[in-house]
Amino acid sequence: MRRPKAWLRFWRLALLLVGLVGGLLTGEQAAAEPPPRPHYRFVITLPAVGAPVHVQQRLLFPNRTGETLDQLVLLAVPAHYGAFHLESATVDDQPVRPRLQGIVLTVPLPQPLPPGESRRLDLIYTLTVPSPGTLRFGQSQGVLALGNWYPVLAVY
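Take 1429 as the starting number for the sequence shown in my numbering and just add one per residue.
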């Protein structure tokens, strides 16, 4: 009779330890999950053939760099074709004056962005899509090709 009780206690203790260790590992894994990734949203007005495309772009940017940032850097590939025309930019509803050099769009931040915090960037711009353009970016014979059409965060 003693033997079954001893085995029962052993298995109860083993299951308790497995549960505790499993709970600790799960807690560590949850704490180690990376913060959210950048998120893009768009409102696009596609006009008649040949007219500019109007875009409202929102970028939610969590700073996962480990460093405090004073600017965001994006790549606006349509600027290579002379097709990107920025109308306005705000960061967390505060107007900012981005600088476009080639395809590099540098957006100053009104306040420094510490690691782990986020900012919301809103851009309003038009795209004058070339005709015929290229296979990736252009319009021809009723086909509108918009490859790499929006400003995207540069690799940090």
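Where is the CB? At the ideal position from N, CA and C, for every residue including glycine. Everything numeric in this text was worked out from a predicted model, so none of it was measured.
Alpha-carbon spacing of residue i relative to residue j, whole angstroms
i: residue 1465; j: residue 1489; result: 7 Å
i: residue 1561; j: residue 1579; result: 19 Å
i: residue 1499; j: residue 1553; result: 19 Å
i: residue 1495; j: residue 1569; result: 48 Å
i: residue 1545; j: residue 1493; result: 11 Å
i: residue 1576; j: residue 1542; result: 29 Å
i: residue 1582; j: residue 1482; result: 23 Å
i: residue 1486; j: residue 1503; result: 15 Å
CB-CB length for residue i against residue j, believed under 8 Å
i: residue 1549; j: residue 1535; result: 6 Å
DSSP three-state assignment for residue i, whether helix, strand or coil
i: residue 1553; result: strand
i: residue 1535; result: strand
i: residue 1578; result: coil
i: residue 1573; result: strand
i: residue 1523; result: strand
i: residue 1507; result: helix
i: residue 1563; result: coil
Spatially closest choice to residue i from the options, by CA coordinates
i: residue 1517; options: 1547, 1567, 1564 and 1481; result: 1547
i: residue 1528; options: 1545, 1508 and 1483; result: 1508
i: residue 1480; options: 1556, 1503, 1533 and 1514; result: 1556
i: residue 1484; options: 1564, 1551, 1513 and 1512; result: 1551
i: residue 1405; options: 1512, 1575, 1477 and 1543; result: What the structure shows of the chain is the stretch from 1429 to 1584, and residue 1405 is not part of that stretch, so it cannot be assessed.
i: residue 1522; options: 1467, 1539, 1506 and 1482; result: 1539
i: residue 1574; options: 1559, 1582, 1583 and 1581; result: 1559
Buried or exposed by the 16-neighbour rule on C-beta atoms within 10 Å, applied to residue i
i: residue 1470; result: exposed
i: residue 1476; result: exposed
i: residue 1526; result: buried
i: residue 1457; result: Only weak support is given to the placement of residue 1457: the predicted model assigns it a pLDDT of 49, under 50, and the value that follows is read from those uncertain coordinates. With fewer than 16 other Cβ atoms within 10 Å, it is exposed.
i: residue 1519; result: buried
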